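S.K.: Following numbering that gives the first Met the number 0, the numbering of the sequence shown begins with 0 at its first residue and continues without gaps. The beta carbon of each residue, even a glycine, is placed where N, CA and C say it ideally should be. On a predicted model such as this, the values are computed, not experimentally measured, just so you know. This structure is in structure tokens; I'll ask about it shortly.
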Amino acid sequence: MSVSLTGLKVFVRTFGCQMNENDSEHIAGILLGAGAARAEGPEDADIVVVNTCAVRQKSEEKLYSYLGRLSQMKKKRRFLLGVAGCVAQVRRADLVGKRPDIDFVAGPDSYLDLPEIVGRAAESPVIRTEFGRDWKEIGAASTVRQSAWSAFVPVMEGCDNFCAYCIVPFSRGREKFRPLPSVVEEVRAAKSAVEIQLLGQNVNSYRDPGSGTGFAGLLEAVAAVPGVEWLRFITSHPKSFGDDIIRAMAAHPKVCPALHLPLQSGSSRVLERMNRGYTREEYLALVGRLRRSLPELLLMTDIIVGFPGETEEDFEATCGLLREVGFAGIFSFRYSPRPLTAAAAGPDDVPLEVKRRRLIALQALQRSIQAGIYRSFVGRDLRVLGTGPSPKGAGRFSGRTAGNLVVNFDAPADPAGRFVTVRITGSGPYSLHGSALENGDVSVFRGEN
Ligand code: SF4
Numbered sequence: 000m001s002v003s004l005t006g007l008k009v010f011v012r013t014f015g016c017q018m019n020e021n022d023s024e025h026i027a028g029i030l031l032g033a034g035a036a037r038a039e040g041p042e043d044a045d046i047v048v049v050n051t052c053a054v055r056q057k058s059e060e061k062l063y064s065y066l067g068r069l070s071q072m073k074k075k076r077r078f079l080l081g082v083a084g085c086v087a088q089v090r091r092a093d094l095v096g097k098r099p100d101i102d103f104v105a106g107p108d109s110y111l112d113l114p115e116i117v118g119r120a121a122e123s124p125v126i127r128t129e130f131g132r133d134w135k136e137i138g139a140a141s142t143v144r145q146s147a148w149s150a151f152v153p154v155m156e157g158c159d160n161f162c163a164y165c166i167v168p169f170s171r172g173r174e175k176f177r178p179l180p181s182v183v184e185e186v187r188a189a190k191s192a193v194e195i196q197l198l199g200q201n202v203n204s205y206r207d208p209g210s211g212t213g214f215a216g217l218l219e220a221v222a223a224v225p226g227v228e229w230l231r232f233i234t235s236h237p238k239s240f241g242d243d244i245i246r247a248m249a250a251h252p253k254v255c256p257a258l259h260l261p262l263q264s265g266s267s268r269v270l271e272r273m274n275r276g277y278t279r280e281e282y283l284a285l286v287g288r289l290r291r292s293l294p295e296l297l298l299m300t301d302i303i304v305g306f307p308g309e310t311e312e313d314f315e316a317t318c319g320l321l322r323e324v325g326f327a328g329i330f331s332f333r334y335s336p337r338p339l340t341a342a343a344a345g346p347d348d349v350p351l352e353v354k355r356r357r358l359i360a361l362q363a364l365q366r367s368i369q370a371g372i373y374r375s376f377v378g379r380d381l382r383v384l385g386t387g388p389s390p391k392g393a394g395r396f397s398g399r400t401a402g403n404l405v406v407n408f409d410a411p412a413d414p415a416g417r418f419v420t421v422r423i424t425g426s427g428p429y430s431l432h433g434s435a436l437e438n439g440d441v442s443v444f445r446g447e448n
């Protein structure tokens with residue numbers, strides 16, 4: 000069913016991770032491709048799509064509060080309200096039907112059908128949440144990028160790992176891989192992007208459905224695309240991080256020395272209960288192999304505190320591992336049971352105040368570790384990709400290093416989307432400070448090369 004949305008304005012609001020940001024770029028691209036125009040906000044939109052994240056209870060709570068505000072708006076003015084993404088997938092029955100303000104629910108595998116879904120939703124509520132086993136190609140033509148110089152490029156979707164706390168295998172389905180030629184084509188098509196970020200829930204398990212080429216081969220193919228300056232990827236799973244990937248990272252200077260390597264817990268006992276598939280010792284051995292091959296590598300990680308059964312000793316093991324590895328950043332969370340997961344079937348037995356105390360202690364420890372890492376860059380000249388004006392004040396700008404550290408710096412003009420060399424003169428636990436060098440490396444958009 001071909002539906003024209005000409006004359007309608009669409010607004011997409013995103014909750015969650017980079018995968019969701021990229022999905023929102025697709026949702027906007029598909030709806031604009033059907034004739035819709037962009038709205039500045041929900042106030043002037045005919046169609047509002049809320050793209051959701053179900054990974055943590057807190058993000059779901061934020062979503063419901065936002066939906067409440069939209070619901071109030073709908074009492075005064077008619078527009079179509081849709082929920083997309085992970086919450087749409089796992090809470091579909093609680094959304095359409097129980098909430099008359101919601102007109103459609105679209106799971107992650109149904110975005111290509113959105114014009115038709117919107118068309119039908121004008122008549123009666125629609126739920127579309129089926130999963131297919133094959134990759135659904137959306138492509139560059141149906142992607143409205145948020146940034147001209149940095150492009151998200153999905154390479155796989157879903158997960159087969161079933162970690163005990165994680166909703167993703169239920170909200171995103173089982174793993175499916177994008178054909179390697181499509182990935183390379185999208186990278187080529189993103190002509191102005193100097194930075195490419197390959198996305199997937201578990202990129203290390205990538206296999207090209209045609210040739211069987213693994214993630215190391217994919218990295219090599221993307222790094223070979225002319226004009227790509229920085230190449231990043233997220234998310235990696237420690238249990239499937241092969242040495243071939245390490246070799247590919249070391250062989251290609253375009254692959255940034257920054258890696259998100261989720262740990263979750265530093266206790267082998269907890270890791271086993273989480274069904275993570277590696278021990279503390281195996282994680283540390285992988286970090287050792289990575290650092291021997293990539294001496295400049297900066298590591299980021301995810302930590303959950305208060306997983307069921309976590310003792311003080313388990314928690315101390317996590318703190319000890321943080322000290323031993325020296326992560327440049329962590330995302331840390333209190334455990335919250337998610338529907339459908341294995342852990343949710345058992346007791347959530349670590350008291351809330353204990354979870355809170357552990358999270359505060361963990362974050363304080365990390366802050367001190369991180370401050371030392373950031374301090375070690377003072378005095379160096381770093382290549383920085385500008386991202387625009389700094390929230391820190393007029394005349395200052397922000398950017399990121401290859402290692403993904405935030406830098407706030409003085410520069411004569413806005414360097415957004417361009418590389419500048421910044422002399423680092425100071426640091427804090429979350430950012431570096433400095434000044435752009437006048438005759439430093441200033442490169443241009445890929446399309447101008
Ligand atoms: S690897 Fe585990 S934590 Fe990551 S998406 Fe899959 S199930 Fe979730």
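1. If you compare alpha carbons, which of 381, 393 and 140 is closest to residue 405?
2. Among the candidates 349, 374, 240 and 397, whose CA atom is the shortest distance from the CA of residue 411?
3. Under the DSSP definition of a beta bridge, which residues are partnered with residue 23?
4. Looking only at DSSP bridge pairs, what is residue 388 linked to?
5. Let me check you understand the geometry: is the CB of residue 160 closer than 6 angstroms to at least one non-hydrogen atom of ligand 1?
6. Where do the ends of the beta strand (DSSP E) carrying residue 196 lie?
7. With distances taken between CB atoms, is the gap from residue 153 to residue 21 smaller than 7 angstroms?
8. Count the CB pairs spanning the region 167 to 187 and the region 110 to 121 that are closer than 8 angstroms, and state whether there are at least three.
9. What distance in whole Å lies between the Cβ atoms of residue 233 and residue 289, which are believed to be in contact at a cut-off of 8 angstroms?
10. Since residue 166 contacts residue 338 with CB under 8 angstroms, what's their CB separation in whole angstroms?
11. Give, in chain order, every unbroken run of the beta strand (DSSP E) that is at least 3 residues long and sits entirely within the region 246 to 290.
12. Assign residue 272 to one of two classes, buried (16 or more other C-beta atoms within 10 Å of its C-beta) or exposed (fewer than that).
13. With a cut-off of 8 angstroms, do at least 3 Cβ pairs link the region 146 to 160 to the region 39 to 46?
14. Which word fits residue 359, buried or exposed, when buried means at least 16 other C-beta atoms lie within 10 angstroms of its C-beta?
15. Pull up the distance between the alpha-carbon of residue 428 and that of residue 69, whole angstroms please.
16. Do you know how far the Cα of residue 107 is from the Cα of residue 456?
17. Just grab the DSSP bridge partners of residue 380 for me.
18. Our contact map puts residue 464 next to residue 334 with C-beta atoms below 8 angstroms; I'd like the distance itself, whole angstroms only.
M.R.: Quick answer:
1. For the purposes of this step, residue 405 is identified with residue 406 of the sequence shown, where counting begins at 1. Closest by alpha carbon: 381.
2. As a first step, residue 411 is located in the sequence shown; it is residue number 412 there, counting from the start. It is 397.
3. Translated into the one-based positions of the sequence shown, residue 23 becomes position 24. Answer is none; residue 23 lacks a bridge partner.
4. Within the sequence shown, numbered from 1, the residue matching residue 388 stands at position 389. Answer is 396.
5. Taking the first residue of the sequence shown as position 1, residue 160 is located at position 161. Under cutoff, so the answer is yes.
6. For the purposes of this step, residue 196 is taken as residue 197 along the sequence shown, with counting starting at 1. Per DSSP, residue 196 belongs to the beta strand (DSSP E) from 194 to 198.
7. In the sequence shown, the residue the question calls residue 153 occupies position 154. In the sequence shown, the residue the question calls residue 21 occupies position 22. Cβ atoms of residue 153 and residue 21: closer than 7 angstroms.
8. no
9. As a first step, residue 289 must be located in the sequence shown, where it is residue number 290. As a first step, residue 233 must be located in the sequence shown, where it is residue number 234. Actually they are not in contact, since the Cβ atoms of residue 289 and residue 233 sit about 15 angstroms apart, beyond 8 angstroms.
10. As a working note, residue 166 is residue 167 in the sequence shown. As a working note, residue 338 is residue 339 in the sequence shown. Sure, about 7 angstroms apart at Cβ, within 8 angstroms.
11. 257 to 259
12. Counted from its first residue, the sequence shown places residue 272 at position 273. Around the CB of residue 272, 16 or more other CB atoms lie within 10 Å, so the residue is classed as buried.
13. no
14. To locate residue 359, count along the sequence shown from 1; it is residue 360. Answer is exposed; the Cβ neighbour count stays below 16.
15. Stepping through the sequence shown from its first residue, residue 428 is reached at position 429. Stepping through the sequence shown from its first residue, residue 69 is reached at position 70. Using only the alpha carbons, I get a separation of about 37 angstroms.
16. Here the chain has residues from 0 to 448 only, and residue 456 is not among them.
17. Walking along the sequence shown from the start, residue 380 turns up at place 381. For residue 380, which the question treats as bridged, DSSP gives the partners 422.
18. Since the first residue of the chain shown is 0 and the last is 448, residue 464 is not available in this structure.
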